[in-house]
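Notes follow the structure.
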Amino acid sequence: GNSVTQMEGPVTLSEEAFLTINCTYTATGYPSLFWYVQYPGEGLQLLLKATKADDKGSNKGFEATYRKETTSFHLEKGSVQVSDSAVYFCALSDRIQGAQKLVFGQGTRLTINP
Amino acid sequence: DTEVTQTPKHLVMGMTNKKSLKCEQHMGHRAMYWYKQKAKKPPELMFVYSYEKLSINESVPSRFSPECPNSSLLNLHLHALQPEDSALYLCASSLLQSSYNEQFFGPGTRLTVL
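Structure below.
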């Protein structure tokens, strides 16, 4: 079945550092890919998405490019802030029984120190 | 209105209690979802409703009973739960049953079963 693999955390960086969180997927067909962020005590928020190969999703300084050849969707940000501390989930969409199902990676906890 | 609301925010119940979780959205979304999230884990899909009809049940125990009274409301009825059911319960909705449309998540209900 379809699956998502994320780099294991936790990841700790200093403010203004460059961030990369790796995400690779296994899927039949061409699923849409998503990054969701979960701040402490909250639900998930969509950070960005890409629906086809070579699409680049971007939001709040974060970017990720849908790479079909490497089956990857790595999350990057040039200069992180303390407020970016959260858990980040990579996910792909899968259609099962006519409905959409999100397949999540295990999540990467990010801590940014001032 | 671009949010999914969930009530209550916190719930503590005994193993013999009956309680309900409520989810509401007014974005015109016709797909709604229940997820269970344990600490430090990604959300696990429980149920999917499409056009107010149950389309996916991920082999969830019958002590969890979903209900979709109309296109804006989703309930999860709880009865005779076990302590291992303690978790964050997330509701989500999406515009269409399509791989391209992101799911919007509510803030969750933190459930503790004593």
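Just so you know, the sequences run in chain order A and C. Just so you know, our numbering puts 358 at position 97 of the first sequence, and the rest follows in order with no gaps. Just so you know, our numbering puts 98 at position 105 of the second sequence, and the rest follows in order with no gaps. In this text, a Cβ means the ideal position worked out from N, Cα and C, and glycines have one as well. Just so it is clear, the structure is predicted and the values come from calculations on it, not from any experiment.
Short CB-CB distance (under 7 Å) between residue i and chain A
{"i": "L83 (chain C)", "result": "yes"}
{"i": "P35 (chain C)", "result": "yes"}
{"i": "S43 (chain C)", "result": "yes"}
{"i": "S86 (chain C)", "result": "no"}
{"i": "L4 (chain C)", "result": "no"}
{"i": "L47 (chain C)", "result": "no"}
{"i": "L14 (chain C)", "result": "no"}
Proximity test, Cβ basis, 7 Å: residue i and chain C
{"i": "K310 (chain A)", "result": "yes"}
{"i": "G318 (chain A)", "result": "no"}
{"i": "G262 (chain A)", "result": "no"}
{"i": "L336 (chain A)", "result": "no"}
{"i": "L307 (chain A)", "result": "yes"}
{"i": "G270 (chain A)", "result": "no"}
{"i": "T322 (chain A)", "result": "According to the sequence shown, residue 322 (chain A) is Gly rather than Thr. By this cut-off, G322 (chain A) is not an interface position."}
Which of helix, strand or coil DSSP assigns to residue i
{"i": "V343 (chain A)", "result": "helix"}
{"i": "G320 (chain A)", "result": "Checking the sequence, you will find Asn at residue 320 (chain A) rather than Gly. Strand, per DSSP."}
{"i": "Y297 (chain A)", "result": "strand"}
{"i": "D315 (chain A)", "result": "coil"}
{"i": "M268 (chain A)", "result": "coil"}
{"i": "T369 (chain A)", "result": "strand"}
{"i": "F279 (chain A)", "result": "coil"}
{"i": "A352 (chain A)", "result": "strand"}
{"i": "T287 (chain A)", "result": "strand"}
{"i": "N374 (chain A)", "result": "strand"}
{"i": "K362 (chain A)", "result": "strand"}
{"i": "K12 (chain C)", "result": "strand"}
{"i": "Q96 (chain C)", "result": "coil"}
{"i": "K329 (chain A)", "result": "coil"}
Residue i: CB within 6 Å of a non-hydrogen atom of the ligand FAD
{"i": "A314 (chain A)", "result": "Among the components of this structure there are no ligands whatsoever, and the ligand FAD is therefore not found."}
Using a Cβ-Cβ cut-off of less than 9 Å, give me the residues of the segment 52 to 77 of chain C that come near chain A, in sequence order.
-> Cβ proximity to chain A below 9 Å picks out nothing from the segment 52 to 77 of chain C.
Segments assigned alpha helix (DSSP H), at least 4 residues, entirely inside the segment 19 to 90 of chain C = Fully enclosed alpha helix (DSSP H) runs of 4 or longer: not present.
The segment 340 to 364 of chain A: positions lying closer than 7 Å to chain C by Cβ = The segment 340 to 364 of chain A vs chain C, Cβ under 7 Å: F350, S354, R356, I357, Q358, G359, A360, Q361, K362, L363.
If contact means a Cβ-Cβ distance below 7 Å, which residues of the segment 276 to 304 of chain A contact chain C?
-> Cβ contacts with chain C: P292, S293, F295, E303, G304.
Touch test, the segment 7 to 21 of chain C against the segment 70 to 86 of chain C, Cβ-Cβ under 8 Å, three pairs minimum | Output reads yes: the segment 70 to 86 of chain C touches the segment 7 to 21 of chain C.
contact_flag[the segment 329 to 343 of chain A, the segment 357 to 366 of chain A] where n(CB pairs < 8 Å) is 3 or more = The segment 329 to 343 of chain A, when compared against the segment 357 to 366 of chain A, does not touch it at the 8 Å Cβ threshold.
Quick one, which residues of the segment 20 to 31 of chain C are near chain A if we go by CB-CB under 9 Å, in chain order?
-> Those residues of the segment 20 to 31 of chain C that come within reach of chain A (Cβ to Cβ, closer than 9 Å) are A24, Y26, Y28, Q30.
For the segment 79 to 89 of chain C and the segment 19 to 39 of chain C, state whether three or more C-beta atom pairs, one from each stretch, are separated by less than 8 Å.
-> The segment 79 to 89 of chain C and the segment 19 to 39 of chain C touch, with no fewer than 3 CB-CB distances between them shorter than 8 Å.
Evaluate the contact criterion for the segment -2 to 5 of chain C versus the segment 281 to 295 of chain A: three or more CB pairs, one atom per stretch, below 8 Å.
-> Short answer: they don't touch.
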